[in-house]
């Protein structure tokens, strides 16, 4: 980074913090902010449009009017500049260019002279948002929305002067609609509304086979968006200056296609996951897909995937092909990229295979943009992923992710560290932008739990300075929720993050998969004692989060963003209790010594506490998972189509049946033995699928 840029960033940081703590936090932090000493009441304001206004400016004005009404109850009118009545304070939306482009295009530039830059001033004479484009106007209006202080009719704007611009030209979020549940059209629109608050300008719809294609009626039947739904989503995003971009996987990750018998011959292995690049029928199918997708998505960008080609080497060896695996990869990628480029698209592809075989980079299609993805920060320079791209001057974008795809509740510590470090490395390597990914690998994820991580990843590449990670939950909650509830939400997010971190010490990184494991199986049972305190802390933090969320709900907080977090807190408390239970049971069991005690002791210390039909260790867990299931199911149907819901709920049913099975085995043991009989180890009683206990009497 050169000295001039470093000085600019330092000046921006100082200006941003000048008077900042006295006012509403702004996310992302504007590049330059200077507050005055006074404030201007919102009551009596009128939104005014310049003569050069286009429909997009009117849309921004309508949005601002709606936000003010929702936030304060005040009715604000809209009119042309110069038509204000006496006593009205103007909010002027002033766009200078008569020719407007609402979306980020190939070749987009960031910085203070960029199309998306804006100026915002609030004085006693009125408010002015000035920008070159309707996108700049919209971002200025979003910042104006965040500036509002106070409640109801007493709400006001602080005197302020803001000069703001994006530090990176492409600021995207990728949402996975193929690995797990299928978000509804309305849910994707909610995500777009949410993301533009933090100045995102791209939304990547990751689909393997989850979009309707003419001629493929059996493909992901019941689990796809229709073409009309996609077109409406695209239009909805465009109104909010977010380009909805298709993110495919057109080499691997195609099992949904190949498991259909009529297409199985297109796979490199029977019913496999990757296309057979040597099969001429593959080229015909992909040409058809390219043309259909190009018609559905008007975006000038397309991401074609080409990551994780796990079987490429095995397939080459199995067929005896003389071509190297890298050669097969280049052939397929070039064919798909050429098809989209002929339709006027700028093509992106994942870089994991490129950096594995860096010798292929010079052979890649011209103008290809590589997407470097990685979701942890053990190497904060990301040289493995960025080094070859930088050395060979391949344009690239960095892709961190929200760590929620295999998690009971999002791991925001890992998320924020990944975003911060990958973004910093990307700035150093000259990356064009950032795509923050939200995967759904475990097929259990409730996307709304990930919203804070999505906000963080959208705001970070706009800012010229690092995110204020220590205060993010507080700043985010103050922008998302009324003042009376913001502290509860910030507290809940912090405690949820800590609870998730604590449970991972036992369950590992894939805590959602660990949730369903048998706690008496030796892999877990043998190490439970060493994690007693972690389980305790998991439950303490989960319960503090739950209490804070319940308090916020009692105050009337919007359930759309809170119910999923509440389910997360209850699940974390459940999993803590689940893995505590073997410790509690073993302590009682081991206290008896080598033989079963007399009847009174056995009843008082064991049966009544562990296996009784109500208010006992085992039945408590049966009750809890059964009671949580309807809430989870209801939240799923708020976010998603019913597709895969049955499979997701199957895990919940199996969890209930597991504890019912534990209950039956313990009751069987109780009925098959008597006082004075030898006691085996507790986990042996539960692990034996066909126990047979012989009385010594």
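Residue numbers (this note's numbering): 15 to 711.
Idealized CB from N, CA, C, for every residue including glycine.
Other residues of its chain near residue 399: CB distance less than 7 Å, five sequence neighbours each side excluded: For residue 399, where only same-chain residues beyond five positions count, the Cβ hits under 7 Å are 365, 369, 386 and 388.
Tell me, please, which residues DSSP counts as bridged to residue 215. Bridge partners of residue 215: none, in fact.
At which residue ranges does the region 321 to 397 contain complete alpha helix (DSSP H) runs of 4 or more residues, listed in the order of the chain? Correct list: 326 to 333, 339 to 356 and 366 to 370.
Our contact map puts residue 147 next to residue 478 with C-beta atoms below 8 Å; I'd like the distance itself, whole angstroms only. Not confirmed; about 20 Å, so no contact.
For the putative contact between residue 320 and residue 363, defined by C-beta atoms under 8 Å, what is the C-beta separation to the nearest angstrom? Rounded, the Cβ-Cβ distance is 5 Å, consistent with contact.
Using beta-carbon positions only, say whether residue 473 and residue 42 come within less than 7 Å of one another. Yes, Cβ-Cβ distance for residue 473 and residue 42 is below 7 Å.
Any idea which residues DSSP pairs residue 712 with across the strands? With the chain covering 15 to 711 only, the question about residue 712 has no answer from this structure.
Beta-carbon separation of residue 193 and residue 455 under 7 Å? Yes, these two residues count as a Cβ contact at 7 Å.
Assuming residue 507 contacts residue 426 (C-beta within less than 8 Å), just tell me the rounded distance between them. Rounded to whole angstroms, the Cβ separation of residue 507 and residue 426 is 7 Å, and the two are in contact under 8 Å.
Using the C-alpha atoms, what's the distance from residue 641 back to residue 665? Going from the Cα of residue 665 to the Cα of residue 641 covers about 14 Å.
If you follow the beta strand (DSSP E) that residue 137 is in, where does it begin and where does it stop? Taken as a continuous stretch (DSSP letters only), the beta strand (DSSP E) holding residue 137 covers 132 to 137.
Cβ pair residue 14, residue 581 closer than 7 Å: Lying outside 15 to 711, the shown extent of the chain, residue 14 is not represented and no answer is given.
Count the C-beta pairs between the region 284 to 292 and the region 231 to 247 that are closer than 8 Å, then say yes if the count reaches three, no if not. Judged by Cβ distances under 8 Å, the region 284 to 292 makes no contact with the region 231 to 247, as fewer than three pairs qualify.
Return the first residue and the last residue of the alpha helix (DSSP H) that residue 555 is part of. Counting along the chain, the alpha helix (DSSP H) containing residue 555 begins and ends at 546 to 568.
Assuming contact is defined by CB atoms lying nearer than 7 Å, are residue 412 and residue 464 in contact in what I supplied? In this structure, the beta-carbon distance from residue 412 to residue 464 does not fall below 7 Å.
On the DSSP bridge list, what partners appear for residue 142? The secondary-structure analysis by DSSP pairs residue 142 across a beta bridge with 106 and 135.
So, is residue 60 buried or exposed, given that buried needs 16 or more other C-beta atoms within 10 angstroms? Looking at its Cβ environment, which holds 16 or more other Cβ atoms inside 10 Å, residue 60 is buried.
I want to know whether the region 514 to 531 touches the region 478 to 491 - three or more CB-CB distances under 8 Å. With the cut-off at 8 Å, the region 514 to 531 and the region 478 to 491 do not touch.
Would you check if there are 3 or more beta carbon pairs closer than 8 Å linking the region 612 to 629 to the region 571 to 581? Taking 8 Å as the limit for Cβ pairs, the verdict is that the region 571 to 581 does not touch the region 612 to 629.
With the cut-off set at 7 Å, would you say residue 452 and residue 258 are in Cβ contact? Taking 7 Å as the Cβ cut-off, residue 452 and residue 258 do not qualify as a contacting pair.
Looking only at its chain, what residues have a beta carbon closer than 7 Å to the beta carbon of residue 492, apart from the 5 residues adjacent to it on each side? Cβ within range, chain order: 38, 39 and 500.
Classify residue 163 as helix, strand or coil using the three-state DSSP reduction. Strand at residue 163.
Could you check if residue 458 is buried or exposed, using at least 16 other CB atoms within 10 Å of its CB as the buried criterion? Buried, by the Cβ-count rule.
Tell me the rounded alpha-carbon separation between residue 541 and residue 535. If I take the Cα positions, the gap works out to 10 Å.
Of the listed residues 353, 659, 669 and 597, nearest to residue 696 (C-alpha basis): Here the closest residue by C-alpha is 597.
Comparing alpha-carbon positions, which option in 272, 156, 698 and 635 lies nearest residue 725? In the structure as shown, the chain begins at 15 and stops at 711. Residue 725 is therefore absent and cannot be evaluated.
Evaluate the contact criterion for the region 672 to 685 versus the region 628 to 644: three or more CB pairs, one atom per stretch, below 8 Å. The answer is yes - the region 628 to 644 touches the region 672 to 685, with three or more Cβ pairs under 8 Å.
Tell me which residues share the same chain as residue 214 and place their Cβ nearer than 8 Å to its Cβ, disregarding the 5 neighbours each side in the sequence. Excluding the 5 residues flanking it on each side, residue 214 has same chain C-beta neighbours closer than 8 Å at 185, 186, 187, 256 and 472, in chain order.
In or out: residue 497 buried (at least 16 other Cβ within 10 Å) or exposed? The residue in question, residue 497, is exposed, as its Cβ has fewer than 16 Cβ neighbours within 10 Å.
Is there at least one Cβ from chain C nearer than 7 Å to residue 610's Cβ? Absence of chain C from the displayed structure is noted, only one protein chain being present.
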